[in-house]
Amino acid sequence: MPSFDTVCEADFVEVKNAVDNATKEIGTRFDFKGTSAAVELKDKEITMYGDAEFQLQQVEDLLRNKLTKRNVDVRFLDIQKAQKIGGDKVKQVIKVKNGIESDLAKQLQKLMKESKLKVQAAIQEDKVRITGAKRDDLQAAMALIRKDLAEHPLSFNNFRD
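1 is the number of the first residue of the sequence shown in UniProt numbering; add one for each residue after it.
This is the structure we're talking about:
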């Protein structure tokens with residue numbers, strides 16, 4: 001039976017490259033000289049450091065620019081609140097989304113049921129597998145997902161005929 005997987009996965013190699021490029025630019029930019037501005041990547045979290053929230057905003061803009069140049073969708077970023085870390089220094093954690101959350105998976109499953117397409121959606125850990133009798137139904141399901149869930153960075157892989 002034809003099927004495909006709906007996933008929410010960032011390309012972590014490109015995320016790491018973007019963070020490295022942002023770190024290099026922070027080291028060479030005049031407005032960041034002598035400040036504690038920095039970006040680092042650990043596991044699936046990007047941590048930004050700065051002297052003030054304004055500087056964090058500048059670092060975030062720089063990081064978004066680097067991610068966009070490397071074709072990483074910025075909708076993968078889950079930006080947390082800035083925190084004071086002693087003195088006048090601040091840090092901000094950005095979590096990189098990986099895997100479909102259960103709420104979104106249920107919403108996706110409900111969307112497939114209400115669409116009247118002859119497809120079934122099954123939640124499998126951090127992805128949703130959609131199966132159908134015809135390839136055309138699966139392509140219609142992909143178009144529907146792209147249209148109705150555009151605010152989420154979903155992609156499709158493992159297409160089987």
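Where a beta carbon is used, it is the ideal one built from N, C-alpha and C, also for glycine. Quantities reported herein were computed from a predicted structural model and do not represent experimental measurements.
- Cα atoms of Q92 and F54: separation of roughly 12 Å, rounded to the nearest angstrom.
- Taken through DSSP and simplified to helix, strand or coil, V72 comes out as coil.
- In the DSSP assignment, M48 falls within the unbroken beta strand (DSSP E) covering E45 to G50.
- Counting along the chain, S3 sits inside the beta strand (DSSP E) bounded by residues S3 to V7.
- Annotation for G87: no beta strand (DSSP E) segment contains it, and DSSP assigns it neither H nor E.
- Pairing V72 with D126 gives a Cβ-Cβ distance that is not under 8 Å.
- Contact annotation, I26 with V39: C-beta distance approximately 7 Å; criterion of less than 8 Å satisfied.
- R129 is the residue among K116, L117, R129 and V119 whose C-alpha sits nearest the C-alpha of I100.
- The segment 104 to 123 makes no contact with the segment 59 to 68, as fewer than three CB pairs between them are under 8 Å.
- The segment 116 to 126 makes contact with the segment 134 to 143; the number of CB pairs closer than 8 Å reaches 3 or more.
- Taking a C-beta distance under 8 Å as the contact criterion, I94 and Q109 do not qualify as a contact pair.
- Here DSSP, grouped into helix, strand and coil, assigns I123 to strand.
- Between the alpha carbons of M48 and M1 lies a gap of roughly 46 Å.
- Beta-bridge partners assigned by DSSP to A38: Y49.
- DSSP places N21 in the uninterrupted alpha helix (DSSP H) bounded by F12 to T28.
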